[in-house]
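Number of protein chains: 2
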Amino acid sequence: MDIRTPDWVKDAVFYQIFPDRFAQSSRVQKAGHLQPWGEPPSFHKYQGGDLLGVVEHLDHIAALGVTAIYFCPVFQSASNHRYHTHDYYQVDPMLGGNAALRELIDAAHARGMKVVLDGVFNHASRGFFQFSDLLEQGEDSAYLDWFHAGPFPLSPYDDDSKPANYAAWWGNRALPKFNTGTQAVREFLWDVAEYWMRQGIDGWRLDVPNEIDDDDFWREFRRRVKAIDPDAYIVGEIWGDAGRWLQGDQFDAVMNYPFTRPCIAYFGAHTIDNAMNEASGTGHVEPMGAEQFGARMTEAAAAYPLEIVQAQLNLLDSHDTARYLSVVGGDQTAHHLALTFQLTYLGAPCLYYGDEIGLPGGPDPDCRRAFPWNDVPSWNRDTLALVRKLTAVRHVTPAFQRGNFQVLHAQNDLLIYARSHGSECAYVLMNTASEARMAALNALDAGDYRDALSGQTVTVVADT
Amino acid sequence: MDIRTPDWVKDAVFYQIFPDRFAQSSRVQKAGHLQPWGEPPSFHKYQGGDLLGVVEHLDHIAALGVTAIYFCPVFQSASNHRYHTHDYYQVDPMLGGNAALRELIDAAHARGMKVVLDGVFNHASRGFFQFSDLLEQGEDSAYLDWFHAGPFPLSPYDDDSKPANYAAWWGNRALPKFNTGTQAVREFLWDVAEYWMRQGIDGWRLDVPNEIDDDDFWREFRRRVKAIDPDAYIVGEIWGDAGRWLQGDQFDAVMNYPFTRPCIAYFGAHTIDNAMNEASGTGHVEPMGAEQFGARMTEAAAAYPLEIVQAQLNLLDSHDTARYLSVVGGDQTAHHLALTFQLTYLGAPCLYYGDEIGLPGGPDPDCRRAFPWNDVPSWNRDTLALVRKLTAVRHVTPAFQRGNFQVLHAQNDLLIYARSHGSECAYVLMNTASEARMAALNALDAGDYRDALSGQTVTVVADT
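Chains as they are written, first to last, in this note's numbering: chain A, -10 to 453; chain B, -10 to 453.
Below you can see the structure in the form of C-alpha cells.
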C-alpha cells in the first residue's frame, strides 16, 4: 500500500494545550465556582481556561516557533480534562462554546498554524445524551444498542458494591464504552469527525483508539476524514508497538512514547526521579547510556516507513505524564538537552504547554498547572530562549525536519549524530556529564561548520 | 397597568401536539429500538414521531381551521414526553434536530400558522450538563450554585432508601430543580427563551411556572421575549387562580383548566367516568346542570380583564389528562357539544391532537396514543366534520372570537347563550338531554336567523 502522510506535519512544531489551564479570556463568561488560577490542580476543580484565552496568547505561541496546536478535548464535558464527553457537537461553554473555537481556528489559520483536536471516540460519559436515555428508560431506551448494557437497572453512580452492568473504559463507571458494532453508533462517531473537519480543523489526535478493536472502523474513519481534507493529520494514542495501525490505511502516525522513555533514561540518567515516573503514565524508567540511547533512537527511526516516522508526534511529556523537568529531578541541563534532541530528531516535536518556561509538575493532576501569565519572574528565561532558538534552527534546517538519523558516536555520556538531507548535513553533539568530554570526531570532514545555536563558525581540523 | 395581549391569539384556533406520537417522517433517521407506531403507549418507550412528520401533515392541521400549534417539549430529552430536558438549545435528534424545527417554523409561517413551544424552565434532568457536572465533581463543581444541592455525594438514581440531597420537582429525582436565585441560571433560562424567539417561534407555553416563585424572574422573562416580538404569546400552566401572574407584566394568559372541569361536569353529566378523572390531572368532577355551568362560565369570562380572557387557552383535555371523549364515557354527543361550546366560547380554543377524529385515551400515558394515520377507518368522520365546521364558523364570526358572553337561559339540561360583538350577535342553544327539549326564547327578537352549522335560515316568530 502506498503510504502517505501530510507534508505539513513533517515540518511542524506542535504545542499541546490543556484548555482549562492555558489562559483565560475576560470575553468568556465563567461559571461561578472556580478554583483560583494557579492553585495546585485538583482532579475535579476547574480553573477556567478557555479558547479565547488561547487566541489572545497566539503571539506567545507563534514566538515559540510553533506551527500546530494539539488541544486536549474541548467538547462539552463534565470534567476539567474534558475526556468525559457530554456533547460531541458543542465546545464546552466554559471554553467559550462553538463560537470561540471558530475564532480560534480562524486566528490560528491566519498565522499559518494548524489546529488538531482530541477525539475521544471509545467512550462517552454518564451524562451523554444517549447513555442518559439508557439510565432513564432501561430496556425501553431507544438507544439500547448504543452501549454494552444490561441487565437493568444500571448502577452508574454506585461504588463497587453493585455491578455497573455496562462496559466502561477500564471499568470506570464514568466512561461508558460505545458499542461500535452498532451501525448508528459508527455513523454518529464518523459524523462527529466529519463535522469538525468541515469546521476547518486540521486533524484528529485519537484517544485510546486501540480500545475500538476494529480496523474497519478506523479505515472508514480515515476515508471520511481524508475525503474532506487529504492533508488532515490522524495521530493515534498508542503507547506501544503501533504497526497494526500504521499500514497506511488507518493512522498517519502515533504519539511517540517510545521516544519519550529513552529521553528520560539518557538525559536524566544522573537525576531521574522514578518515584514520579512510577506514579505517572510513563512508568519506571531505567537510566541508560549513550550507546543504548543511540541504538533505541536508531531503532525508533526505522520502526516504520520513513513517511510515517517523519510524521510521528515526538513528546517529552504530556497531560498523562509528570512533566519532563520534574521527572529528571528538576535538572535544567537534562531538560535543555532533551529539548535539543527533540527539536533535532526525526518526527514532529510536540511541546507541552508550560515546558518552555520550565513549569514543573508531578503526575496528573499536578502536570496540569495553570500557565503563570501573571508570574513572569517564575519563568525560566533560559529555557524559553533555548526553545525559541531550537525551533528557529529547525525551521531553517530541512535536515532536522526531514533528514535521516545516523548515530556517529555513542559512548557513556557522549552522543553525536548526523541528520542529512540532500546535500545538507547537520550534526548534533551532546554530553550528559556535568563536565567537559573529549571525543574524536572522525566522522566529520575537516572544514568550516556553522554552530546553529551561536551562529559562529567552528573549524574542524584534521587530526594530525 | 395597561394590559395588552396578542391580537392574533384572540382569533386563533390552537392545536396541541405531543411530538413523539403525532407523525413520523421517513426523512428523520430514528434510533433503532422503537415501539411500533400505534401500540399502547408506555411511560418509557418511544414511538418515533418527529417534527418533519408534522410538516408533512400540515394539510390535515390546516383543514381543521387551526391557526396556531402548541407543541409539548421538543428539546433534547431522555424521555418520550421530553419534559426531562437534556439540552435547551438542541431539538431532540429523534425529532429531527434543529433543522427540522427550522423547516417546521418556516412551513407553518408560510401557511400563516403560529408556533408555540413548551418551556420547561423550573427543572432540568439528571443528564443536563450542569447537573451532570454536579454529579461528577460534587462540591468541586463549577456549577455548584445552579441547583439546590448538598450534602454530597448526591444520589440521583437511588430509590428512597437514600436521600437525593437535591431539590427536585415534587421530589422526583429525575427532575432537579434549578436554583433561579443564581444570576447565571436566570441569564441561562432567559437566553434560552430569547434564542428560540429569535429562531422565529411565536410564543412560550410555560410548564409549572408557579414553581419558580419569583415575579421578577417572570417579569424579566416577559420583557426579553416581548422585546424580540411584541406579539409573542406567553401562556402559563396554572391550574387554579392565576391572578398573580395576570396583572399584565408576567403572562398573557394561562391554560384554562377552570374551563375544562365544568365542560366535563355539564356535557358529561350523564356519562362521566370519574374513575378515569381521578387517575388523571383533572381529578374528581361532580356532574353539574346548566344553571351551574352557565354561572361558572360567566364567572370564568369575568375572572380577568377582557383582554386576558380573550387570550386564555381553553382546553377540553391535554397530555396531562385523560381524553375528553373517554372522560365522558365515550359519549360522542357530549364530546360534540363540548367541542361546540369550546369553539363558540370566549378565549382561544385549543384542540388536542387526535380529538378531532375521536381518538380515545385514558390517563397518562394512554392519552398520548399515536395518531392512526394508517387506520383511517377508525376515525370518527362525524367528529372531524364537526370540528372543521365549527372552526370555519368561528373564523367568520367575530362575535365568537371576541364577543362578550351572556347566558340567556340555563336550566337543567338546557343552555342558551349569546355572544355579541358590535352589531353582530350569535346565539348558541344546547341540550344535554338525550331527547328534545322546549324552551321559551324570549331573549331573541322575532326575525330571521342563520343557522351557522347548516347554513339554513331559521325564523323566530313572536310567541302569541
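A virtual CB, placed ideally from N, CA and C, is assigned to each residue, including glycine.
CB contact below 8 angstroms: residue i versus chain B
i, result
"A/K34", "yes"
"A/D39", "no"
"A/A268", "no"
Coarse secondary structure for residue i, derived from DSSP in three states
i, result
"A/L47", "helix"
"B/Y225", "A small correction: the amino acid at residue 225 of chain B is Gly; Tyr does not occupy that position in the sequence shown. Of the three classes helix, strand and coil, the one that applies to B/G225 here is strand, per DSSP."
"A/R115", "coil"
"A/P276", "coil"
"A/P152", "coil"
"B/W368", "coil"
"B/V298", "helix"
"B/V385", "coil"
"B/H70", "coil"
"A/A52", "helix"
"B/D107", "strand"
"A/K166", "strand"
Range covered by the beta strand (DSSP E) that runs through residue i
i, result
"A/Y438", "436 to 439"
"B/T448", "446 to 449"
"B/A399", "393 to 400"
"A/T74", "74 to 80"
"A/M265", "No beta strand (DSSP E) holds A/M265; the alpha helix (DSSP H) holding it covers 263 to 267."
"A/F3", "3 to 6"
"B/L332", "Where B/L332 is concerned, there is no enclosing beta strand (DSSP E), although the alpha helix (DSSP H) it sits in stretches over 321 to 333."
"A/C356", "Where A/C356 is concerned, there is no enclosing beta strand (DSSP E), given that its DSSP letter is neither H nor E."
"B/I58", "57 to 60"
"B/R194", "192 to 195"
Cutoff 8 angstroms: residue i Cβ touching any chain A Cβ
i, result
"B/H73", "yes"
"B/S118", "Here residue 118 of chain B turns out to be Phe, not Ser, going by the sequence shown. For B/F118, the answer is yes, since a Cβ of chain A falls inside 8 angstroms of its Cβ."
"B/R213", "no"
"B/D134", "yes"
"B/D353", "no"
"B/D196", "no"
"B/A131", "yes"
"B/M83", "yes"
"B/D76", "yes"
"B/A264", "no"
Run of the alpha helix (DSSP H) containing residue i, from where it starts to where it stops
i, result
"B/E183", "172 to 187"
"B/W207", "204 to 217"
"A/L302", "Where A/L302 is concerned, there is no enclosing alpha helix (DSSP H), although the beta strand (DSSP E) it sits in stretches over 302 to 304."
"B/G86", "86 to 99"
"A/D230", "No alpha helix (DSSP H) contains A/D230, which DSSP labels as neither H nor E."
"B/P29", "Where B/P29 is concerned, there is no enclosing alpha helix (DSSP H), given that its DSSP letter is neither H nor E."
"A/I253", "246 to 256"
"A/L442", "Taken as a continuous stretch (DSSP letters only), A/L442 belongs to no alpha helix (DSSP H), as it is neither H nor E."
"B/Y313", "313 to 316"
"B/V(-2)", "-4 to -1"
Cut-off 7 angstroms between Cβ atoms - residues of its own chain near residue i, not counting five sequence neighbours on either side
i, result
"A/D309", "G270, D353"
"A/D81", "V63, F64, Q65, S66, R71"
"A/E138", "Looking at the sequence itself, residue 138 of chain A is Ala, so the reference to Glu does not match. Once the five neighbours on either side are set aside, the close Cβ partners of A/A138 are L123, N154, Y155."
"A/S130", "D122, L123"
"B/R391", "K(-1), Q299, H410"
"B/I217", "E183, M186, R187"
Close-in-space but distant-in-sequence residues of the same chain around residue i (CB under 6 angstroms, 5 per side omitted)
i, result
"A/V17", "D39, L41, G85"
"B/I346", "W368, N369, L373"
"B/G237", "M(-10), I(-8)"
Same chain, Cβ closer than 8 angstroms to residue i, neighbours up to 5 away in sequence not counted
i, result
"B/Y438", "Y416, T446, V447, T448, V449"
"A/Y146", "R115, R162"
**Message:** Beta carbons nearer than 9 angstroms to chain A: which residues of the stretch 140 to 171 of chain B have them?
**Reply:** Hits within the stretch, in order: P142, L143, S144, P145, Y146, D147, A163, T171.
**Message:** Please identify, using Cβ separations under 7 angstroms, the residues of the stretch 8 to 33 of chain A that lie next to chain B, in order along the chain.
**Reply:** Of all residues in the stretch 8 to 33 of chain A, those with a C-beta nearer than 7 angstroms to a C-beta of chain B are A20, G21, H22, L23, S31, H33, reading in chain order.
**chain A contacts from the stretch 96 to 129 of chain B (Cβ-Cβ distance under 9 angstroms)** = So the close ones are S114, R115, G116, F117, F118, Q119, F120, S121, D122, L123, L124, E125, Q126, G127, E128, D129.
**Residues from the stretch 49 to 71 of chain B in contact with chain A, defined by Cβ distance under 7 angstroms** = Taking 7 angstroms as the Cβ-Cβ cut-off against chain A, the residues of the stretch 49 to 71 of chain B that qualify are Q65, A67, S68.
**Message:** So if I threshold CB-CB distances at 9 angstroms, which residues from the stretch 370 to 395 of chain A count as touching chain B?
**Reply:** Listed in sequence order: no entries.
**Prompt:** Listed from N- to C-terminal order along the chain, which residues in the stretch 170 to 192 of chain A have their beta-carbon within a distance smaller than 9 angstroms of any beta-carbon of chain B?
**Reply:** Residues T171, Q172, A173, E176.
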